[in-house]
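Residue numbers (full-length UniProt numbering): 1 to 725.
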């Protein structure tokens, strides 16, 4: 019987990060050494004849009639590195792969289109997925076997990579390749019926709220027991749901769910209390022990969620966390060109001179380290109390370590502490008989000292790839946080990010966004990979946010230009909605429309909002209609499981409620960009020589408002008073 890896136990869906220490001199060097991707470079010295994804590999497979072994991952993926060390550095496995397969290595962050196609296959045939992803293809790129992580050799009932390879080699000639593509195409098809309208927004929003409420974990917030992911798309939906239902018990509950989750995450170990930013996810239900990797897209979305929560609640905590996230990104994930790096790894060596990397080594502390660092006696405190005593009480530090064994399966955190706020500042102050302000000062001083110590530790691997879509998300974060806080530095950083995108990731000659570029004197893009739908959608959203924060029309103009290109390249004229990648690329076998808001929002979800916003800015009613067609294409998903698309539900709500989400500046110049697009703006002017605001909704506008408090009242309660057409 032919062996097929379909046992769920084989498909370990684990993410993490690590960097392999340099091994010099190198015994092997393959063609990946000429690539720029950090992930591909990590495999450049394997004894495997790796190819990057491209025509050279495809031609070799066809000419030699060999199956393809496709390995997909990313540079901060822990289990990708485990498989590399165990299998791809193994001489015997390397020879077996190189002699019998055309081996292709893909960075999923460079080629999300390739990743999505074959991940759909792995999930459909196994019920699981994750990275590293291992897929075997025919020479014409059709998948026939797939899995994720494989140990090098058999482990109990789990087949090793040697066994899998041997069985494929023995039977591949006789194996009847089943064409899974037809089934996959049917299972992933998303299209609207002719004349179909979007589903009713109120029904969809209510169902989405109920589905989230059913999965909500009340004690610590979040939407499952463990592992727990931040899921900013869920939190943004809940806050939007409250905005249009604030007088109902459901609306109040939705806001409570969002704010409690954000508070508990801010207090938890998933939040880096020493050097800011958020880790990827929590391995437990209380947000305590994280997977320590830090991703740019998490920082961007969480900054927006926290600043939105601060606007709604008025709580300073949320504004402080949003600001801290951006301080972390500015310090540790920023390039001098204005771009943002992709990620920081989870693993690093504990100390200089050591070679074995450990999860979280850069971030964890022993009690003795803290006592040695914070020995000063605190005047006025009860007894002989040191700064360390107060800090350890407040952040749950224990002599034996505060990580439960079940959260540390590999023993890497034994005796170590992950900081988590265990008590409020008020309770800590009462415990030691000192004032609240004194506790805050002591904690800030301690964190600063610990940050200096961490600077001396070996840093985790930094993925310096600058991805267009993630930079678009980060652009939104700086623009929105900067606007709310009135922070000029953040707004200047947002403008710098916008300029970076236009200078380095926009090919003006081809009118094309580029997927990514890399740190270097010439900001190399080698080879140039054209952008995908999410690159366009997230950048357009960022540009609209940047315009609203700065009122500089150049960003609005570029957003309009990019939307026209996105429509031309990705729109499905037959079924509505956007394809994730260029349909003309024959090497991508499935044309997919992402139907889930996950770690990142679906590009179709973001596009639905972009189209609506741009239709108001430009007067292009076809974009309003296109937004409706897009939502109609996803009607089935929105109606049955809206929890899968909370960001798209927000767009559907915006269509229904005509949310006031467009901000324009009319400067009196009738030939300006906005007045050319919207002639009605020419009739709006200052009132008695004073700046005036006009609040417009349902194609009618308020009389000019010159008092900021009156404007605030109109925006909050929707009472526009006397209206004019």
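We put the CB at the ideal spot given by N, CA and C, even for glycine. Given the structure is predicted, the values throughout are model-derived calculations rather than measurements.
Sorted by chain position, which residues of the same chain lie with C-beta nearer than 7 Å to residue i's C-beta, five sequence neighbours on each side aside?
i, result
"residue 633", "190, 191, 192, 575, 576 and 577"
"residue 388", "370, 371, 374 and 375"
"residue 446", "374, 387 and 391"
"residue 569", "582"
"residue 476", "300, 304, 541, 542 and 545"
Return the bridge partner residues of residue i from the DSSP annotation.
i, result
"residue 687", "690"
"residue 467", "516"
"residue 278", "271"
"residue 71", "105 and 134"
"residue 146", "135"
"residue 365", "417"
"residue 507", "512"
"residue 571", "578"
Helix or strand or just coil, what does DSSP make of residue i?
i, result
"residue 680", "helix"
"residue 343", "strand"
"residue 332", "helix"
"residue 584", "coil"
"residue 601", "coil"
"residue 195", "coil"
"residue 133", "strand"
"residue 295", "strand"
"residue 59", "helix"
"residue 158", "strand"
"residue 417", "strand"
"residue 530", "strand"
"residue 85", "helix"
"residue 52", "strand"
"residue 348", "strand"
Of the residues the options, which one's Cα is nearest the Cα of residue i?
i, options, result
"residue 343", "99, 77 and 130", "77"
"residue 111", "467, 510, 520 and 566", "467"
"residue 456", "348, 261, 704 and 565", "348"
"residue 283", "269, 312 and 454", "269"
"residue 527", "514, 600 and 658", "514"
"residue 377", "367, 391 and 364", "391"
"residue 121", "279, 137, 396 and 605", "137"
"residue 188", "298, 595, 234 and 666", "595"
"residue 170", "100, 208, 39 and 625", "100"
"residue 135", "106, 154 and 158", "106"
"residue 281", "71, 291 and 273", "291"
"residue 92", "152, 117 and 103", "152"
"residue 327", "474, 311 and 254", "474"
"residue 701", "708, 693 and 707", "693"
"residue 228", "271, 618, 248 and 202", "271"
"residue 335", "355, 366, 315 and 499", "499"
Can you list, in chain order, the residues of its chain with a C-beta nearer than 8 Å to that of residue i? Leave out the 5 residues immediately preceding and following it.
i, result
"residue 141", "58, 68, 587 and 589"
"residue 330", "493"
"residue 211", "641, 642 and 643"
"residue 96", "162, 165, 166 and 169"
What separation, rounded to the nearest whole angstrom, lies between the Cα atoms of residue i and residue j?
i, j, result
"residue 206", "residue 224", "20 Å"
"residue 220", "residue 48", "46 Å"
"residue 125", "residue 181", "12 Å"
"residue 339", "residue 655", "33 Å"
"residue 408", "residue 402", "11 Å"
"residue 635", "residue 621", "21 Å"
"residue 795", "residue 464", "What the structure shows of the chain is the stretch from 1 to 725, and residue 795 is not part of that stretch, so it cannot be assessed."
"residue 242", "residue 353", "53 Å"
"residue 579", "residue 530", "14 Å"
"residue 626", "residue 647", "17 Å"
"residue 19", "residue 639", "Legend: pLDDT at residue 19 = 42, less than 50; position of this residue unreliable, no value from coordinates given."
"residue 16", "residue 496", "Any reading at residue 16 is ruled out, since the residue's pLDDT is 36, under 50, leaving its predicted position unreliable."
"residue 491", "residue 481", "8 Å"
"residue 277", "residue 239", "22 Å"
"residue 230", "residue 653", "23 Å"
"residue 244", "residue 195", "28 Å"
"residue 53", "residue 104", "6 Å"
"residue 362", "residue 81", "18 Å"
Using a Cβ-Cβ cut-off of 6 Å (strictly less than) and excluding sequence neighbours within five positions of residue i, which residues of its own chain qualify?
i, result
"residue 614", "563 and 623"
"residue 675", "681 and 682"
"residue 597", "233, 605, 645, 646 and 647"
"residue 503", "none"
"residue 251", "242 and 245"
Quick check: is the beta carbon of residue i nearer than 8 Å to any beta carbon in chain D?
i, result
"residue 203", "Going by chain labels, chain D is absent from the structure shown, which holds only one protein chain."
Is it the case that the CB of residue i approaches a heavy atom of the ligand NAP more closely than 7 Å?
i, result
"residue 197", "For the ligand NAP, the structure offers nothing, since it holds no ligand at all."
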